[in-house]
Amino acid sequence: MEVNGETLEIAHLRENEHTGQCDLTFFLRTEVPDVNLELCEEIKAVRGSSDTVISMIDHIKNKLQKIIQDKLNASSEEEKENQQKINIPVRMKRSGKDLKENTCVKNLLKSPESNDPIIFEVFSQKYVLLCNTPLVKTMKLLRVFYVGYVIQPIKFFSIYTDRNKCIFTWSKSLDKIEWEKCGSGYTYLTTKEDVNHFLKLTCKPVNTANIEGPIFEVISDTTVEEMEEIPNCPFETRHLFTKKELAGSEQFRVVSYNILAERYTSIDDNYSYCSPKYIVFDYRKQLLWRELSGFNADIICLQEVDSIHYHNYLKPKFKEQQFSSTYNKKGNSIPEGLACFFRKSRFRFIEANHIVYGQEISKLRIFKPIWELVKKNEDVKTEFMRVLTSLQVLILQVKGHRNKHLLVANTHLYYHPEANHIRLLQATMATAYINMLKKRYAKSNISVIFCGDFNSNPSKSLFPFMIQGKIHPSHEDCLKISPNGRALLHHDFYFDSACETSKYTNYTPDYKGCLDYIFIENGKLSIENVVPLPDEEELSKHEGLPNKYYPSDHLPLVVDLKFKLR
Numbered sequence: 001m002e003v004n005g006e007t008l009e010i011a012h013l014r015e016n017e018h019t020g021q022c023d024l025t026f027f028l029r030t031e032v033p034d035v036n037l038e039l040c041e042e043i044k045a046v047r048g049s050s051d052t053v054i055s056m057i058d059h060i061k062n063k064l065q066k067i068i069q070d071k072l073n074a075s076s077e078e079e080k081e082n083q084q085k086i087n088i089p090v091r092m093k094r095s096g097k098d099l100k101e102n103t104c105v106k107n108l109l110k111s112p113e114s115n116d117p118i119i120f121e122v123f124s125q126k127y128v129l130l131c132n133t134p135l136v137k138t139m140k141l142l143r144v145f146y147v148g149y150v151i152q153p154i155k156f157f158s159i160y161t162d163r164n165k166c167i168f169t170w171s172k173s174l175d176k177i178e179w180e181k182c183g184s185g186y187t188y189l190t191t192k193e194d195v196n197h198f199l200k201l202t203c204k205p206v207n208t209a210n211i212e213g214p215i216f217e218v219i220s221d222t223t224v225e226e227m228e229e230i231p232n233c234p235f236e237t238r239h240l241f242t243k244k245e246l247a248g249s250e251q252f253r254v255v256s257y258n259i260l261a262e263r264y265t266s267i268d269d270n271y272s273y274c275s276p277k278y279i280v281f282d283y284r285k286q287l288l289w290r291e292l293s294g295f296n297a298d299i300i301c302l303q304e305v306d307s308i309h310y311h312n313y314l315k316p317k318f319k320e321q322q323f324s325s326t327y328n329k330k331g332n333s334i335p336e337g338l339a340c341f342f343r344k345s346r347f348r349f350i351e352a353n354h355i356v357y358g359q360e361i362s363k364l365r366i367f368k369p370i371w372e373l374v375k376k377n378e379d380v381k382t383e384f385m386r387v388l389t390s391l392q393v394l395i396l397q398v399k400g401h402r403n404k405h406l407l408v409a410n411t412h413l414y415y416h417p418e419a420n421h422i423r424l425l426q427a428t429m430a431t432a433y434i435n436m437l438k439k440r441y442a443k444s445n446i447s448v449i450f451c452g453d454f455n456s457n458p459s460k461s462l463f464p465f466m467i468q469g470k471i472h473p474s475h476e477d478c479l480k481i482s483p484n485g486r487a488l489l490h491h492d493f494y495f496d497s498a499c500e501t502s503k504y505t506n507y508t509p510d511y512k513g514c515l516d517y518i519f520i521e522n523g524k525l526s527i528e529n530v531v532p533l534p535d536e537e538e539l540s541k542h543e544g545l546p547n548k549y550y551p552s553d554h555l556p557l558v559v560d561l562k563f564k565l566r
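In the UniProt record's numbering, the protein residues as written are 1 to 566.
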């Protein structure tokens with residue numbers, strides 16, 4: 001970068017507001033006088049945002065002193081201590097004058113870089129100090145690439161960056177040495193010409209002011225390949241029970257299914273037994289669509305739906321089959337969440353609602369009794385408030401019946417195995433919220449269906465609470481909420497479990513059991529047919545789900561329901 005006719009290197013000072021620290025990063029390429037040593041490496045110095053300039057300078061000197069001593073290969077710690085300390089000149093200037101030593105590091109971020117830049121000097125190397133410039137922190141690619149699919153980073157995290165302005169370049173190589181550009185942009189459609197090639201994605205980050213940051217690149221571990229033919233899958237035997245759509249307006253078919261978000265398969269060792277070829281979503285989505293479409297369902301509630309796969313795949317696929325849908329991110333921020341699809345020929349959309357339990361508990365009046373309990377227990381309050389679990393609710397009108405409605409609720413409760421009390425609180429909130437919405441339609445015939453991954457097996461407190469509508473305050477989970485026995489949790493519904501308590505709805509090496517349910521109002525709906533789940537003999541053929549034949553670690557619940565009241 002040229003300043004006053006002199007070409008200078010660039011040093012980056014960035015603030016991390018979450019940690020209250022500032023990072024100063026620069027690449028040092030210089031000779032160290034008197035010791036015949038050349039330095040050539042990136043240096044990163046971290047100080048608190050409220051620390052002073054002299055603190056940052058001293059920190060840099062200490063880091064360089066250690067690097068130099070290490071490179072001089074002192075044979076023992078004692079020799080390192082005895083070595084004469086090398087003079088390391090480090091200065092920060094503006095307008096030719098050294099900055100005041102007591103200047104707060106954070107105040108450097110406010111400096112007018114273009115008119116009066118800060119010059120940072122280390123040995124003979126000079127830098128322009130640029131503040132809060134774009135930086136890519138992480139970028140990851142899939143473990144497997146198939147021909148003919150649109151790919152993009154499975155993880156991209158940057159700071160001070162406008163992703164829409166960043167410059168992305170895709171390249172391919174047979175040997176990771178010679179690279180050929182094959183695409184540009186955040187996404188790339190693989191072709192047959194890419195087979196047996198590694199892929200590289202390069203990002204030049206840019207911010208809203210069009211300032212560029214350092215280039216970041218990532219190279220794939222595997223080459224692009226052709227997807228093998230999708231096999232006949234054991235789940236297709238379940239389609240023998242759902243060959244046709246249900247006729248008439250009195251019966252309808254419901255599916256509830258945790259489809260396993262891709263974000264968890266890429267970071268979780270729980271699925272290490274499954275080949276990356278079968279766990280990548282481009283493969284799993286073929287199985288998912290075959291499985292879901294074969295059920296000929298009218299209402300489908302899904303959990304762990306990646307935002308990108310909802311918008312780019314599931315929503316368009318279901319739209320082709322004349323379904324409408326609603327999607328909500330977990331906590332309104334995490335890019336996986338809840339999706340509900342319904343057949344437009346059977347139902348008319350009335351309204352959709354979504355709440356995040358931890359964000360709404362202190363706001364809505366209907367939650368006041370629960371909030372009064374939670375806020376008195378600091379440990380419970382802290383855990384409950386930080387969890388981003390949410391509830392999705394749709395109101396649908398039955399076509400041809402003006403005063404007949406369905407309230408379809410969908411949730412994915414907190415996962416932690418020791419958090420039964422948190423799930424109880426979430427279920428209490430969910431039923432209170434559902435009841436509030438139901439009362440708005442008191443003049444019509446409205447029936448409630450509550451689907452989801454409740455992350456609780458039938459022996460725990462949640463299932464009897466849902467069925468019985470209450471739980472004794474002396475129960476151990478209630479005592480975790482209120483040790484003095486004041487946790488009076490209840491709801492006003494008479495629920496049945498439409499698929500009863502299946503032995504397995506989740507089947508992995510670490511856990512095998514029932515976590516998923518479809519709860520229905522037993523005075524409003526009757527169970528006409530439950531599609532049986534695969535038996536243990538079939539599931540035990542595989543170490544766990546997912547695998548080559550099953551797309552998720554969960555199994556879908558499928559049930560035919562009928563209105564009791566016409």
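All C-beta atoms in this analysis are idealised placements derived from N, C-alpha and C, irrespective of residue type, glycine included.
Return the first residue and the last residue of the alpha helix (DSSP H) that residue i is part of.
{"i": "Met-436", "result": "420 to 440"}
{"i": "Ile-54", "result": "53 to 71"}
{"i": "Tyr-264", "result": "262 to 265"}
{"i": "Pro-369", "result": "368 to 374"}
{"i": "Cys-478", "result": "476 to 481"}
{"i": "Phe-318", "result": "315 to 320"}
{"i": "Thr-382", "result": "378 to 386"}
{"i": "Glu-536", "result": "536 to 539"}
{"i": "Met-466", "result": "462 to 468"}
Can you give the Cα-Cα distance for residue i and residue j, rounded to whole angstroms?
{"i": "Thr-223", "j": "Ala-297", "result": "38 Å"}
{"i": "Ile-471", "j": "Leu-489", "result": "6 Å"}
{"i": "Leu-437", "j": "Glu-250", "result": "23 Å"}
{"i": "residue 567", "j": "Tyr-257", "result": "Any property of residue 567 remains undetermined from this structure, which presents the chain solely from 1 to 566."}
{"i": "Ser-459", "j": "Thr-237", "result": "29 Å"}
{"i": "Thr-138", "j": "Tyr-549", "result": "32 Å"}
{"i": "Tyr-310", "j": "Ala-45", "result": "42 Å"}
{"i": "Val-398", "j": "Glu-15", "result": "55 Å"}
{"i": "Val-32", "j": "Val-105", "result": "27 Å"}
{"i": "Asn-522", "j": "Tyr-278", "result": "40 Å"}
From what residue to what residue does the beta strand (DSSP E) around residue i run?
{"i": "His-354", "result": "347 to 356"}
{"i": "Ser-293", "result": "No beta strand (DSSP E) contains Ser-293, which is instead part of the alpha helix (DSSP H) from 281 to 293."}
{"i": "Phe-156", "result": "155 to 159"}
Taking the alpha carbon of residue i as the reference point, which residue from the options has its own alpha carbon closest?
{"i": "Leu-189", "options": "Glu-236, Tyr-504, Trp-170", "result": "Trp-170"}
{"i": "Lys-243", "options": "His-542, Glu-291, His-421, Cys-203", "result": "Glu-291"}
{"i": "Phe-347", "options": "Thr-237, Leu-406, Lys-363, Asn-328", "result": "Leu-406"}
{"i": "Asn-4", "options": "Ile-118, Met-429, Lys-106", "result": "Ile-118"}
{"i": "Arg-143", "options": "Cys-166, Leu-135, Pro-153", "result": "Pro-153"}
{"i": "Asp-221", "options": "Phe-145, Ile-159, Glu-193", "result": "Phe-145"}
{"i": "Tyr-494", "options": "Pro-464, Asp-477, Ser-482, Pro-483", "result": "Pro-464"}
{"i": "Gln-303", "options": "Pro-369, Phe-341, Tyr-283", "result": "Phe-341"}
{"i": "Lys-61", "options": "Asp-379, Val-122, Lys-375", "result": "Val-122"}
{"i": "Lys-375", "options": "Val-387, Ser-362, Ile-366", "result": "Ser-362"}
{"i": "Asp-306", "options": "Glu-320, Ala-339, Ala-419", "result": "Ala-339"}
{"i": "Gly-48", "options": "Glu-41, Glu-6, Met-56", "result": "Met-56"}
{"i": "Pro-89", "options": "Gln-125, Lys-66, Ser-95, Asn-547", "result": "Gln-125"}
{"i": "Lys-562", "options": "Leu-246, Lys-285, Glu-228", "result": "Leu-246"}
Please go through the same chain and pick out, in chain order, the residues whose beta-carbon is closer than 8 Å to the beta-carbon of residue i, but skip the five residues on each side of it.
{"i": "Asn-82", "result": "Its pLDDT being 49, under 50, Asn-82 is placed unreliably by the model, and nothing is read from it."}
{"i": "Glu-180", "result": "Ser-171, Lys-172, Ser-173"}
{"i": "Ser-75", "result": "Note that Ser-75 scores 47 on pLDDT, short of 50, meaning its location in the model is unreliable and no value can be drawn from it."}
{"i": "Gly-400", "result": "Ser-249"}
{"i": "Arg-163", "result": "Phe-156, Tyr-186"}
For residue i, count neighbouring C-beta atoms within 10 Å of its own C-beta (all shown protein chains included) and say buried if the count is 16 or more, exposed if not.
{"i": "Glu-79", "result": "Legend: pLDDT at Glu-79 = 49, less than 50; position of this residue unreliable, value from coordinates given subsequently. Its Cβ having fewer than 16 others within 10 Å, Glu-79 is exposed."}
{"i": "Val-558", "result": "buried"}
{"i": "Met-1", "result": "exposed"}
{"i": "Asn-196", "result": "exposed"}
{"i": "Pro-231", "result": "exposed"}
{"i": "Val-35", "result": "exposed"}
{"i": "Leu-565", "result": "exposed"}
{"i": "Val-150", "result": "exposed"}
{"i": "Tyr-327", "result": "buried"}
{"i": "Gln-322", "result": "exposed"}
{"i": "Leu-108", "result": "buried"}
{"i": "Ile-334", "result": "exposed"}
Ordered along the chain, which non-local residues of its own chain (more than five positions away) have a Cβ less than 7 Å from that of residue i?
{"i": "Lys-176", "result": "Phe-198, Ile-219"}
{"i": "Asn-73", "result": "none"}
{"i": "Ser-502", "result": "Cys-514, Leu-533"}
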